[in-house]
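Just so you know, the protein sequences line up as chains A and B, in that order.
The letter at position 21 of the first sequence is residue 21 when you use full-length UniProt numbering, and the numbering goes up by one with no holes.
The letter at position 60 of the second sequence is residue 60 when you use full-length UniProt numbering, and the numbering goes up by one with no holes.
First the structure, in the form of structure tokens, and then the observations on it.
Protein chains: 2
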Amino acid sequence: MIRLLADPLRARMVELLADGALCTCHLVAELDAKQPLVSHHLRALREAGVVEREPHGRFTYYRLRPDTLTAAADRLTALAARARANAGVRREC
Amino acid sequence: MIRLLADPLRARMVELLADGALCTCHLVAELDAKQPLVSHHLRALREAGVVEREPHGRFTYYRLRPDTLTAAADRLTALAARARANAGVRREC
DNA sequence: AGGTCTCATCAACCTGTGCTGATATCAAGC
DNA sequence: GCTTGATATCAGCACAGGTTGATGAGACCT
Chain A
1 MIRLLADPLR ARMVELLADG ALCTCHLVAE LDAKQPLVSH HLRALREAGV VEREPHGRFT
61 YYRLRPDTLT AAADRLTALA ARARANAGVR REC
Chain B
1 MIRLLADPLR ARMVELLADG ALCTCHLVAE LDAKQPLVSH HLRALREAGV VEREPHGRFT
61 YYRLRPDTLT AAADRLTALA ARARANAGVR REC
């Protein structure tokens with residue numbers, strides 16, 4: 001899941017979608033990317049639950065699912081908390 | 001930065017380091033990976049500030065830097081918050 | 001129905017990067 | 001000082017996955 005945010009183009013897509021739902025053509029224009037590429041990444045994001053589809057006539061809108069992002073953030077904070085708790089630990093060789 | 005956690009091996013390394021500092025040989029053993037590969041990834045993590053070095057004799061220990069993880073988590077929660085605030089927005093075509 | 005527009009899917013290509021083997025560097029012990 | 005063991009660096013390979021072009025499936029309009 002976090003793996004998807006690694007790609008710079010996908011990261012920009014979720015950044016744009018954080019300000020509201022957009023259709024594919026918006027993303028194509030804003031990102032200056034080819035349409036098949038945008039659709040491809042949107043599919044990946046959708047299958048991972050980062051984004052949800054909203055077909056509107058011949059346009060299809062995509063909307064960010066905040067819960068998925070929150071879940072990822074929680075995993076990171078939990079990791080940080082474990083690291084802080086074990087700050088003094090050092091396994092000997 | 002989040003980009004680094006995308007690789008499964010690096011993710012496992014961070015997971016292991018969350019339980020306390022480890023030296024390279026520990027990671028090589030636990031991950032069942034070749035030593036140059038582990039050193040390579042540790043370097044990437046270190047240059048991104050995810051991990052810090054602690055040379056101890058001929059061993060070098062690596063320790064997780066929780067603040068870096070927390071910073072990444074905060075960026076994700078901020079993104080989720082923006083998405084929630086703009087839940088009703090939909091730019092027209 | 002025909003035409004046009006948006007979007008999705010497919011096949012093929014190509015770049016980035018994870019991985020390996022060989023080698024160098026440094027510390028510890030004899 | 002020499003050997004041994006741990007770690008870092010380098011060059012090269014291989015493959016995943018990002019990118020592109022062509023094509024197809026629906027939706028809207030006249």
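For each residue, glycine too, the CB sits at the ideal point set by N, CA and C.
Since we're looking at a predicted model, the values are computed, not measured.
For this session: State the DSSP-derived secondary structure class of E92(A), mapped to helix, strand or coil.
Result: coil
Exercise. Using the beta-carbon count (16 or more within 10 Å), is A83(A) buried or exposed?
Worked result: buried
Exercise. Beta carbon of L4(B), beta carbon of R10(B): below 8 Å?
Worked result: yes
For this session: In angstroms with no decimal places, state the Cα-to-Cα distance between L45(B) and I2(B).
Result: 11 Å
Exercise. Along chain B, in chain order, which residues have C-beta atoms closer than 7 Å to that of G20(A)?
Worked result: N86, V89, R90, R91
For this session: List the residues of chain A whose Cβ lies closer than 9 Å to the Cβ of H26(B), in chain order.
Result: R91, C93
For this session: Answer with buried or exposed for V51(B), where buried requires no fewer than 16 other C-beta atoms within 10 angstroms of its C-beta.
Result: buried
For this session: Give the interface partners of P66(B) over in chain A, defined as CB-CB distance under 9 Å, in chain order.
Result: L79, A80, A81, R82, A83, R84, A87
Problem set entry | Cβ shell of R65(A) (< 8 Å), same chain only, five flanking positions each side left out | G49, V50, V51, E52
For this session: Taking all protein chains shown into account, decide if L76(A) is buried (16 or more other Cβ within 10 angstroms of its Cβ) or exposed.
Result: buried
Exercise. Would DSSP call R58(B) helix, strand or coil?
Worked result: coil
For this session: Would you mind sorting L27(B) into buried or exposed? The rule is 16 or more other CB atoms within 10 Å of its CB.
Result: buried
Exercise. Quick one: is H41(A) buried, meaning 16 or more other Cβ sit within 10 Å of its Cβ, or exposed?
Worked result: buried
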